[in-house]
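Visitor: When you read off a place in the sequence shown, starting at 1, and then add 10, the result is the number in our numbering. For glycine and all other residues, C-beta sits at the position ideal for the given N, C-alpha and C. Below: one structure in structure tokens.
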Amino acid sequence: MAEHLLIIGAGVDRTPGLDFPLANTLLADVSRYLDGPGKAVDEALRDMLPGLRFNFNNMIARAVGKIATRDTHEQKEMVTRVSQVIKDLPEDQAHVRKHGELIICLFNKLASIAE
């Protein structure tokens, strides 16, 4: 059975019957695809575009680095925004609240290290 990956933007979600990836698993899914069945696709594209320097894993590493090195006030703003979102989540979204709390802890730690 062949699997298909359709990236339609930041709001990717699983749709019943279509089996799209969830936004929170998309990066891992793309990485596994590129290391597995998509490796031949990546190699073919690089053969056709010999100057292609794009590397998915490097892009993710740079994005994480940018988040970690944001100004302290930007990190505190992120904490405020995430706090506002998770405080009004319904009971059935406890797992999302836990993710938000983790983000808050991480950004507070980054801000305290920067200070």
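Between which residues of its own chain and L62 is the CB-CB distance below 6 angstroms, once the five residues before and five after are set aside?
Guide: Around L62: R56.
Visitor: Tell me the residue span of the alpha helix (DSSP H) that contains T90.
Guide: Residues T82 to K97.
Visitor: Once the 5 residues before and after F117 are set aside, which same chain residues still bring their CB inside 7 angstroms of it?
Guide: Around F117: Q85, M88 and V89.
Visitor: Can you give the beta carbon distance from V92 to G110, rounded, assuming they're within the 8 angstroms contact cut?
Guide: With 8 angstroms as the limit, V92 and G110 qualify as a contact, their Cβ atoms being about 5 angstroms apart.
Visitor: Measuring alpha carbon to alpha carbon, tell me which residue in E13, S122, K119 and I70 is nearest L41.
Guide: The sequence given here has Ser at residue 41, not Leu. Measuring from the Cα of S41, the nearest candidate turns out to be I70.
Visitor: Secondary structure at E111, three-state DSSP: helix, strand or coil?
Guide: E111: helix per DSSP, three-state reduction.
Visitor: Which stretch, first to last residue, makes up the alpha helix (DSSP H) that contains L62?
Guide: It is not in any alpha helix (DSSP H) - L62 carries neither H nor E in the DSSP assignment.
Visitor: Say the cut is 7 angstroms; is the CB of Q94 nearer than that to a heavy atom of the ligand COA?
Guide: This structure does not include the ligand COA; it has no bound ligands of any sort.
Visitor: Taking all protein chains shown into account, do 16 or more other C-beta atoms lie within 10 angstroms of the C-beta of L120, making it buried, or fewer, making it exposed?
Guide: It is buried - the Cβ of L120 has at least 16 other Cβ atoms within 10 Å.
Visitor: With distance defined between alpha-carbon atoms, name the residue in H14, S122 and N67 nearest to T79.
Guide: Measuring from the Cα of T79, the nearest candidate turns out to be S122.
Visitor: Residue range of the alpha helix (DSSP H) that D39 falls in?
Guide: That run of the alpha helix (DSSP H) goes L36 to D45.
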